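First up is the structure itself, then whatever we jot down about it.
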Amino acid sequence: MLRRLIDARMGLFLSVLFVVTVAVPIGNLWIAGQPVPSYVVALLGKYMTYALLAVALDLVWGYCGILSLGHGAFFALGGYAMGMHLMRQIGTRGVYGDPVLPDFMVFLNWEKLPWFWLGFDSFWFSMAMVMIVPGALAFVFGWFAFRSRVTGVYLSIITQAMTYALMLAFFRNEMGFGGNNGLTDFKDLLGFDLQSDATRAGLFVAAALALAAGLMVARFITTSKLGKVLVAVRDAESRTRFLGYRVEAFKLFVFVVSAMMAGVAGAIYTPLVGIINPGEFSPANSIEIVIWVALGGRGTLVGAAIGAILVALSRTLLTSWFPELWLFALGAMFIIVTLVLPHGVLGAVELGLAKFRRDPKLVEENP
Amino acid sequence: MTSQLYLSGVSKSFDGFKAINNLSLVIDKGELRAVIGPNGAGKTTMMDIITGKTKPDAGEVFWNEKVDLTRMDEADTARLGVGRKFQKPTVIETLSVADNIELALKADRGVFSNLFARRTPVQSAEIDRLLELVRLTDARARPAADLSHGQKQWLEIGMLLAQDPELLLVDEPAAGMTDAETMRTAELLRDIAGERSVIVVEHDMHFVQALKCMVTVLHQGHVLAEGSLDHVSANPQVVEVYLGR
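Below, the structure written as structure tokens:
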């Protein structure tokens with residue numbers, strides 16, 4: 030089983046991930062002079078959640094051909110579910126000191142907690158919601174879209190509309206999610222102070238573990254017979270139907286799993302950055318996820334994770350060096366990868382290695 | 010003799026164009042039948058209706074004299090035992106030849122059973138047998154995209170047989186094949202018939218001749234003539250609409 034899940038590229042990636050996951054907290058917490066500053070820990074943790082989000086998108090796009098331009102919505106919903114739990118944890122430490130109502134509700138003169146906030150004081154209930162809410166949205170959305178055989182560009186457009194509609198809804202104060210300010214001013218999680226270095230390092234490790242787990246789940250799916258059916262749906266949907274496979278059921282399954290994975294990524298993202306707001310639903314965010322996957326290498330899982338980390342890293346560096354150039358750089362990266370590296374960065378690197386080692390099979394397949 | 014497939018008074022129009030017009034057709038169990046007709050005669054629409062891809066406006070379509078095919082979709086009819094081969098060979102290009110056969114093999118089509126499915130020794134043996142039959146044993150590990158046009162046709166036939174269907178719908182199997190391959194395909198289809206029912210849609214008259222079976226001539230969505238190839242060839246109407254062109 031382990032051999033099925035971990036091939037050479039996955040093994041290499043997980044090894045590097047493991048070393049980073051061990052080294053970063055040590056460098057931050059236990060070495061004098063803090064060679065790894067605290068903001069870097071939070072930043073790397075954020076990259077890990079992006080990487081998990083990219084893996085989630087690669088699972089549906091790379092393997093099943095569903096180009097979702099709304100995966101940011103699932104990420105944001107997971108983030109909001111976690112944010113609601115963190116809001117409930119503030120208790121009387123808020124500005125208004127209300128033991129039950131979050132500050133924004135007191136500010137809006139709300140009398141009591143809306144029904145959909147009930148239960149979020151429980152950590153485990155909230156963790157379940159982190160997966161159930163995005164999963165349920167994906168299920169309902171996918172049920173109608175896939176059953177009506179909406180595919181290709183039309184599906185992409187309605188996923189984009191979905192995340193846009195959610196963004197507009199979450200901007201409204203009446204929705205009960207803090208309006209355009211979103212949820213913030215978090216204090217602690219499971220009793221651990223979110224401002225402390227140790228908690229941040231813990232969240233970083235959680236993000237890395239979630240990424241590794243997400244990769245394993247995605248690998249399990251894509252290397253199973255179901256994975257072959259997904260590829261068949263991607264390459265020849267009609268043929269797959271005539272073979273007797275109920276294509277919509279397979280699409281629905283992988284879409285829901287992917288949405289749940291995106292929700293987990295969002296849930297770890299929220300405490301790391303300390304805020305979740307409706308901007309996370311913005312259509313541009315979802316499009317950027319597609320760029321990560323395309324840049325890293327579609328249909329490789331590991332490539333998607335690498336792409337997300339590369340883009341996020343260059344964003345951090347470029348926005349501090351040349352703030353106004355970032356969007357041009359992102360656009361240029363996407364164009365260059367599309368034109369020059371059809372298999373993404375990972376594909377290009379592996380091809381380069383094969384040429385170096387003169388592996389005739391790989392070279393012949395990619396002239 | 011009971012009928013495998015029974016179509017009666019089937020009609021279907023698209024935007025006012027009658028693709029199928031009061032079509033009636035009976036295929037006996039184990040029969041091999043060739044369907045010929047000029048472009049636009051309704052051959053593809055007929056196959057779409059039989060496989061549940063298209064719902065007819067009127068008429069009856071029965072499987073084994075009791076199952077109503079008009080209420081089913083493609084996956085349903087495939088599970089029931091209808092196998093379809095497209096005109097343009099459609100295989101799953103990025104999967105290996107053996108994986109293509111594996112996906113077609115008769116097995117549980119559910120989502121979760123596929124997530125945990127393991128290839129059994131019986132299935133492996135069946136894959137080997139089918140690859141041998143369609144002469145693709147040497148290519149088993151190669152992606153299907155690497156195959157020549159004719160080999161893809163054969164792979165698709167192999168996939169059809171893997172489904173173990175009771176009825177095969179075969180759309181222009183000889184297209185793009187060499188003469189030798191064409192004759193071998195005709196021979197294979199004759200072998201298959203008897204055990205299973207086969208409907209072949211074809212343009213190539215040499216191929217139809219080699220099938221040595223009953224021929225149905227379609228024209229403007231209904232049956233113009235039926236009988237042996239010699240019999241329908243002698244029909245003046247058939248000569249006019251089809252053979253005479």
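These protein sequences, in sequence, are chains A and B.
The opening position of the first sequence corresponds to residue 30 in our numbering, with each subsequent residue numbered one higher.
The opening position of the second sequence corresponds to residue 10 in our numbering, with each subsequent residue numbered one higher.
All residues carry an ideal CB built from backbone N, CA and C; glycine is no exception.
From a predicted model like this one, the values you see are computed outputs, not experimental measurements.
Determine the DSSP secondary structure at residue i, reduced to helix, strand or coil.
{"i": "His231(B)", "result": "strand"}
{"i": "Glu211(B)", "result": "coil"}
{"i": "Arg149(B)", "result": "coil"}
{"i": "Trp72(B)", "result": "strand"}
{"i": "Arg387(A)", "result": "coil"}
{"i": "Ala28(B)", "result": "strand"}
{"i": "Ala67(B)", "result": "strand"}
{"i": "Met223(B)", "result": "strand"}
{"i": "Asp214(A)", "result": "coil"}
{"i": "Phe103(A)", "result": "helix"}
{"i": "Phe42(B)", "result": "For clarity, residue 42(B) is Arg in the given sequence; the question names Phe instead. Arg42(B) falls in the strand class under three-state DSSP."}
Within 8 Å (strictly less), CB to CB, does residue i reach chain A?
{"i": "Asp3(B)", "result": "The first residue shown for chain B is 10 and the last is 254, placing residue 3(B) beyond what the model contains."}
{"i": "Gln229(B)", "result": "no"}
{"i": "Leu139(B)", "result": "no"}
{"i": "Glu235(B)", "result": "no"}
{"i": "Leu104(B)", "result": "yes"}
{"i": "Ala113(B)", "result": "yes"}
{"i": "Ile101(B)", "result": "yes"}
{"i": "Glu83(B)", "result": "yes"}
{"i": "Thr60(B)", "result": "yes"}
{"i": "Ala184(B)", "result": "no"}
{"i": "Ala87(B)", "result": "yes"}
{"i": "Val120(B)", "result": "yes"}
Any beta carbon from chain B within less than 8 Å of residue i's own beta carbon?
{"i": "Gly243(A)", "result": "no"}
{"i": "Arg178(A)", "result": "no"}
{"i": "Ala174(A)", "result": "no"}
{"i": "Gly273(A)", "result": "yes"}
{"i": "Phe282(A)", "result": "yes"}
{"i": "Ser253(A)", "result": "yes"}
{"i": "Val258(A)", "result": "yes"}
{"i": "Asp264(A)", "result": "yes"}
{"i": "Ala261(A)", "result": "yes"}
{"i": "Phe170(A)", "result": "no"}
{"i": "Gly376(A)", "result": "no"}
{"i": "Ala278(A)", "result": "yes"}
Can you give me the C-alpha to C-alpha distance between residue i and residue j, rounded to a whole angstrom?
{"i": "Ala333(A)", "j": "Ala171(B)", "result": "35 Å"}
{"i": "Arg205(B)", "j": "Arg248(A)", "result": "39 Å"}
{"i": "Glu379(A)", "j": "Leu88(A)", "result": "20 Å"}
{"i": "Gly308(A)", "j": "Thr348(A)", "result": "18 Å"}
{"i": "Gly90(B)", "j": "Glu135(B)", "result": "18 Å"}
{"i": "Leu14(B)", "j": "Asn31(B)", "result": "16 Å"}
{"i": "Ala28(B)", "j": "Val19(B)", "result": "10 Å"}
{"i": "Gly46(B)", "j": "Asn109(B)", "result": "32 Å"}
{"i": "Val69(A)", "j": "Lys75(A)", "result": "10 Å"}
{"i": "Leu34(B)", "j": "Gly164(A)", "result": "47 Å"}
{"i": "Glu353(A)", "j": "Ala167(A)", "result": "36 Å"}
{"i": "Asp117(B)", "j": "Val179(A)", "result": "26 Å"}
{"i": "Leu260(A)", "j": "Trp90(A)", "result": "Here the sequence assigns Val to residue 260(A), which means Leu is not the residue at that position. So the two alpha carbons sit approximately 10 Å from each other."}
{"i": "Pro371(A)", "j": "Leu324(A)", "result": "9 Å"}
Does the Cβ of residue i have 16 or more other Cβ atoms within 10 Å, making it buried, or fewer, making it exposed?
{"i": "His228(B)", "result": "buried"}
{"i": "Ile58(B)", "result": "buried"}
{"i": "Lys75(B)", "result": "exposed"}
{"i": "Met30(A)", "result": "exposed"}
{"i": "Glu111(B)", "result": "buried"}
{"i": "Gly292(A)", "result": "buried"}
{"i": "Asn209(A)", "result": "exposed"}
{"i": "Val179(B)", "result": "buried"}
{"i": "Pro174(B)", "result": "buried"}
With distances taken between CB atoms, is the gap from residue i to residue j smaller than 8 Å?
{"i": "Val207(B)", "j": "Ile201(B)", "result": "yes"}
{"i": "Gly203(B)", "j": "Gly39(B)", "result": "yes"}
{"i": "His100(A)", "j": "Ile320(A)", "result": "no"}
{"i": "Ala333(B)", "j": "Val100(B)", "result": "The first residue shown for chain B is 10 and the last is 254, placing residue 333(B) beyond what the model contains."}
{"i": "Val53(A)", "j": "Val45(A)", "result": "no"}
{"i": "Phe104(A)", "j": "Leu137(A)", "result": "no"}
{"i": "Ser287(A)", "j": "Leu86(A)", "result": "yes"}
{"i": "Glu102(B)", "j": "Ser17(B)", "result": "no"}
{"i": "Phe206(A)", "j": "Phe215(A)", "result": "no"}
{"i": "Val262(A)", "j": "Gly94(A)", "result": "yes"}
{"i": "Gly171(A)", "j": "Phe47(A)", "result": "no"}
{"i": "Leu130(A)", "j": "Thr299(A)", "result": "no"}
{"i": "Leu233(B)", "j": "Val250(B)", "result": "yes"}
From the beta carbon of residue i, is the nearest beta carbon of chain E less than 8 Å away?
{"i": "Leu124(B)", "result": "Absent from the structure is chain E; the protein chains it does hold are A and B."}
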